[in-house]
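Below is one structure, written out as structure tokens; comments come after it.
Residue numbers (my numbering): -4 to 123.
So, in structure tokens, the structure goes:
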């Protein structure tokens, strides 16, 4: 499969797709066992993303193929008390790196992880 991919930062308009891929990720890990659990996680994830994307507490990068998100990554930003090595106290946690099965082994997760690291450096994160 030789399909060009678009890599970009996710926006509020991507919440449905971000939620869909998070659910696929959790199901693949066996963390969602029923429709009720899926409904609960879907609702909570959408609420979280609406707030966290708007407040810039969560940053996500996505890979698209034919205008469809096929791979995703996430950065949760948080602050700790300052130290000499990190006077702003800004830290990040990278999570939810997931690629749907037909698009795996194409370097998408690596590319998204690299974008996450670049973004962290750009905004002054001292610890990831």
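Heads up, the beta-carbon is just placed ideally off N, CA and C, and yes, glycines get one too.
**Message:** Helix, strand or coil for residue 36? Go by DSSP, reduced to three states.
**Reply:** Translated into the one-based positions of the chain shown, residue 36 becomes position 41. Helix, per DSSP.
**Message:** DSSP three-state label for residue 59, please.
**Reply:** Taking the first residue of the chain shown as position 1, residue 59 is located at position 64. In the structure shown, residue 59 sits in a strand (DSSP, three-state: E or B).
**Item:** Option nearest residue 106 by Cα separation, candidates 117, 116, 94
**Value:** Taking the first residue of the chain shown as 1, we reach residue 106 at position 111. Closest option to residue 106, Cα to Cα, is 94.
**Request:** Assign residue 103 to one of two classes, buried (16 or more other C-beta atoms within 10 Å of its C-beta) or exposed (fewer than that).
**Result:** Walking along the chain shown from the start, residue 103 turns up at place 108. Residue 103 is buried by the Cβ-count criterion.
**Asked** Taking the Cβ atom as the reference point for each residue, do residue 71 and residue 90 lie within a distance shorter than 8 Å?
**Response** Here the question's residue 71 lines up with position 76 in the chain shown. Here the question's residue 90 lines up with position 95 in the chain shown. Yes. Within cutoff.
**Request:** Taking residue 86 as the reference, give the member of 109, 38, 53 with the closest Cα.
**Result:** One-based indexing of the chain shown puts residue 86 at position 91. The candidate whose alpha carbon is nearest that of residue 86 is 53.
**Message:** Less than 8 Å between the beta carbons of residue 127 and residue 18, yes or no?
**Reply:** Outside the shown range of the chain (-4 to 123) lies residue 127, about which nothing can therefore be said.
**Asked** Considering only residues of the same chain and omitting the five flanking positions on each side of residue 110, which have a CB-CB separation below 6 Å?
**Response** For this step, residue 110 is matched to residue 115 along the chain shown. Answer for residue 110: 56, listed in chain order.
**Asked** Excluding sequence positions up to five away, which residues of its chain have a Cβ less than 8 Å from the Cβ of residue 77?
**Response** To locate residue 77, count along the chain shown from 1; it is residue 82. Taken in chain order, the residues that qualify are 83, 84.
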